[in-house]
Amino acid sequence: MPVVDVDPDELRYLTGHSEKDDDELKSDLFNLGLEFEGWTEDDEFQLEFAPDRLDRLSVEGVARSLRYHYGDDRGVEVPNTNSADWTIEVEDQPDERPYVTGAIVRGLDMDEAALESLIQLQEKLHATMGRKRAKGAIGVHDLTMLKGDSVTDETGKSITYTSADPDEATFVPLDADAEMTPSEVMASHETGQTYGDLVADFDRVPAIYDAIGLFSFPPVINGRRTEVSVDSRDLFIEMTGTDQWTIDHMCNIVCYALAARGGQVEKVDVAYADDAPGEYAGKTLERPDFSVRTKTVTHDRIESILGVSLDSREVIDYAERAGLDATETESDDGVAYEVEVPPYRVDVIHPLDIIDDIGRALGFNSLEPTYPDVSTVGGRHERSRLEDAARDALVGLGFEDLLNFHMINEAENFERMGLSVPRTDEQASGGNREQAVGEADPVTIQEPYSEDYTILRTWALPSVMMVLENNTHRSYPQDLAEIGLAAGLDDSENTGVAEHRTVAAALARTDASYEDAKARLQALADAFDKDLETPPTTHPSFIDGRAAEVVLDGESVGVIGEVHPKVLVEHDLELPVAAFEFRLDALE
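Shown next, in the form of structure tokens:
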């Protein structure tokens, strides 16, 4: 969960509520869903909040939410913008990073607090929406230090987003005193070493030029010439990335934060060349894009979800107090509302998000709990009973119970276990060959937050092996077991995904053998009155001749064997490991 450092005095200043003490602010913030985690060394609040509200990554965004909460502001606010005087010419940019956006903010009265807030917002957006700068990266520059070229129609000024030879282009990067090439920055500059991998494989790296020369090397580092300080009054904001929507909305969040500091937002034209990669070739975009989106939600659904009766005026009032605008209308389902969503809200994608905002404006703490109007009595699901029984049996056999994440990455799930990552064409066809345990086509996360968690695991044994890898400093034997979720693509399922509960166990000890694992598995089968057979088989994760199928009551449900030495070396294990995995429902 994101944590943001917020100065309570800045909150009081930006909200206009100097009478609020720290405890009152904490209570008000909690009602908004921001939890107080502690104090920083500089006596600032550390606030943790759900990662969907990225507009609250700065003190300005938090203050905006509080002003709506207090009733000082209502409805959708869109900053006034001046017409574009600057253009970003886009030509010969890298195919791998084809998109750019920008804005200008003038008339700022920067102080240390405002500058620190801007830097924190930039870093937090990089870590979240920007996916550690891979999807989007922000550059903020002192506009007075830029010299624009004349644009084609000889009105206004322009800079150019293009590509550069990493060994020939030169500039003075931030925190440096001498000119360096992009290659030198990636090799010897601290920031370059951190983010250089993002463009290290590019033949030509991203670069932004003005009439003087190179001043930004995105997504790695800006030039020193345009560095922002407390003396900066006019700022040029540029963002590059792999997705136009993402960087446009990152730009909106930054512009709203600076507008809250008294800045005047000015538009920038983004002119893509005719041969530019992507869907915007030959188009000129006017940015920032402060267009307002509209969502429809019915009155009945609002009342059903919140469990309260409201009239239309109350719904519209609560929507406006949440920073939205609502207009009553009619739909096939009765009374409904057309709700306008402000440009900085990237989290509103469904009518339920609107209802959540209305509920927070109403005050969740004011809702009175009621018993459901049903006559059934709750009880444990049969699957849960089976899982608990199997877990108790495994613990009784000497295993330590584990609870791991269901998400993993392809390297851990496949490659480090000796399996091949399914090819794209195999995934599309569902696969035509016999698959070993764990070789199911994985469910891939479209936009993973971390490179460590990119798929749902197809089996649980890799998770158990990772635990062994992380505990080589502890004493042996280590007998570990887990019952958890595994999933794979399956065209026969309505959702396209087949999920199942799986049982995985491993014995790590100096004398671990197939016979040891087989004895534990046999005891487990006996506990559930199941007939166990173990015909020989081969599996890339296990030693040939020391692996077998797990067959319960005549059905093949898993695999057992001694883990292959290559897999052990991959996990830095110096002891033999015997393991098994099978479907939990085979014990029913």
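All residue numbers for the sequence shown refer to this note's numbering, where the first residue is 61 and numbers rise by one.
Built from N, CA and C at the ideal position, the CB exists for glycine as well.
For residue j and residue i, believed in contact at Cβ under 8 angstroms, the rounded distance
{"i": "Val617", "j": "Arg580", "result": "With a Cβ gap of about 16 angstroms, Val617 and Arg580 do not count as contacting."}
{"i": "Arg285", "j": "Phe275", "result": "6 angstroms"}
{"i": "Glu609", "j": "Pro595", "result": "5 angstroms"}
{"i": "Gly98", "j": "Thr147", "result": "About 46 angstroms separates the two Cβ atoms, so there is no contact after all."}
{"i": "Val623", "j": "Ala646", "result": "The Cβ separation is near 22 angstroms, so there is no contact."}
{"i": "Leu384", "j": "Glu400", "result": "6 angstroms"}
{"i": "Tyr128", "j": "Arg381", "result": "6 angstroms"}
{"i": "Gly326", "j": "Thr141", "result": "Residue identity check: residue 326 is Glu in the sequence provided, not Gly. Their Cβ separation, rounded to whole angstroms, is 6 angstroms, which keeps Glu326 and Thr141 in contact under 8 angstroms."}
{"i": "Asp115", "j": "Arg405", "result": "6 angstroms"}
{"i": "Arg534", "j": "Tyr574", "result": "Not really, about 24 angstroms apart at Cβ, beyond 8 angstroms."}
{"i": "Ala197", "j": "Thr300", "result": "6 angstroms"}
{"i": "Ala585", "j": "Ile620", "result": "About 11 angstroms; that fails the 8 angstroms criterion."}
{"i": "Glu151", "j": "Ser218", "result": "Incorrect: roughly 11 angstroms between the Cβ atoms, too far for contact."}
{"i": "Thr532", "j": "Asn473", "result": "Going by Cβ atoms, the distance from Thr532 to Asn473 rounds to 21 angstroms, so no, they are not a contact pair."}
{"i": "Leu612", "j": "Asp591", "result": "7 angstroms"}
For residue i, the residue or residues it bridges with in DSSP
{"i": "His201", "result": "Phe296"}
{"i": "Trp653", "result": "Any answer about residue 653 is impossible in this case: the structure gives the chain only from 61 up to 648."}
{"i": "Leu274", "result": "Tyr269"}
{"i": "Asn464", "result": "Beta-bridge pairing links Asn464 to no other residue."}
{"i": "Tyr340", "result": "DSSP lists no partner for Tyr340."}
{"i": "Gly162", "result": "Glu298"}
{"i": "Lys217", "result": "Trp146, Ser210"}
{"i": "Glu593", "result": "Val611"}
{"i": "Tyr332", "result": "Val150"}
{"i": "Phe642", "result": "Val563, Gly618"}
{"i": "Gln324", "result": "Arg166"}
{"i": "Ala386", "result": "Val399"}
{"i": "Asp539", "result": "Leu567"}
{"i": "Asn282", "result": "Ser276"}
Contacting residues, own chain, Cβ-Cβ under 8 angstroms from residue i (five flanking each side not counted)
{"i": "Gly167", "result": "Arg293, Asp294, Gly322, Gly323, Gln324"}
{"i": "Glu250", "result": "Asp235"}
{"i": "Glu104", "result": "Asp65, Val66, Asp67, Pro68"}
{"i": "Glu390", "result": "Ala396"}
{"i": "Ala572", "result": "Pro537, Glu622, Leu635, Pro636, Val637, Ala638"}
Chain-order list of residues whose beta-carbon lies under 7 angstroms from that of residue i (same chain, five-residue window excluded)
{"i": "Glu120", "result": "Leu74, Ser177, Ala317, Ala320, Arg321"}
{"i": "Gln487", "result": "For Gln487, the predicted model reports a pLDDT of 45, less than 50, meaning its position is unreliable; a value from the coordinates is still stated below. So the qualifying residues of the chain are Asp501, Leu549."}
{"i": "Lys184", "result": "Pro62, Val64, Leu117"}
{"i": "Phe459", "result": "Asp539, Leu540, Ala541, Ala565"}
{"i": "Arg72", "result": "Ser78, Lys80"}
{"i": "Thr387", "result": "Tyr397, Glu398"}
Within 7 angstroms, strictly: CB atoms of residue i and residue j
{"i": "Pro337", "j": "Ala163", "result": "no"}
{"i": "Lys199", "j": "Glu298", "result": "Lys is not the amino acid found at residue 199; the sequence shown has Gly there. The answer is yes: Cβ separation under 7 angstroms."}
{"i": "Ile543", "j": "Ala453", "result": "no"}
{"i": "Val637", "j": "Gly478", "result": "no"}
{"i": "Lys192", "j": "Ile272", "result": "no"}
{"i": "Pro537", "j": "Arg569", "result": "yes"}
{"i": "Phe231", "j": "Gly283", "result": "yes"}
{"i": "Ala546", "j": "Val503", "result": "no"}
{"i": "Leu92", "j": "Ser125", "result": "yes"}
{"i": "Val290", "j": "Met205", "result": "no"}
{"i": "Asp632", "j": "Glu529", "result": "yes"}
6 angstroms Cβ shell around residue i - same chain, five flanking residues per side excluded
{"i": "Glu108", "result": "Met61, Val63, Glu95, Glu97"}
{"i": "Gly342", "result": "Asp334"}
{"i": "Asn492", "result": "Below a pLDDT of 50, predicted positions are generally treated as unreliable, and Asn492, at 44, falls in that range; the measurement from the model is reported next regardless. So no residue of the chain qualifies."}
{"i": "Leu345", "result": "Val330"}
Could you tell me whether the region 360-379 touches the region 177-191, using the rule of 3 or more Cβ pairs below 8 angstroms?
No, because fewer than three Cβ pairs between the region 360-379 and the region 177-191 fall closer than 8 angstroms, the two stretches do not touch.
Validate contact between the region 218-226 and the region 303-312 using beta carbons, cut 8 angstroms, 3 pairs
No, the region 218-226 is not in contact with the region 303-312.
Taking 8 angstroms as the threshold, find out whether the region 426-441 comes into contact with the region 512-531 through three or more Cβ pairs.
no
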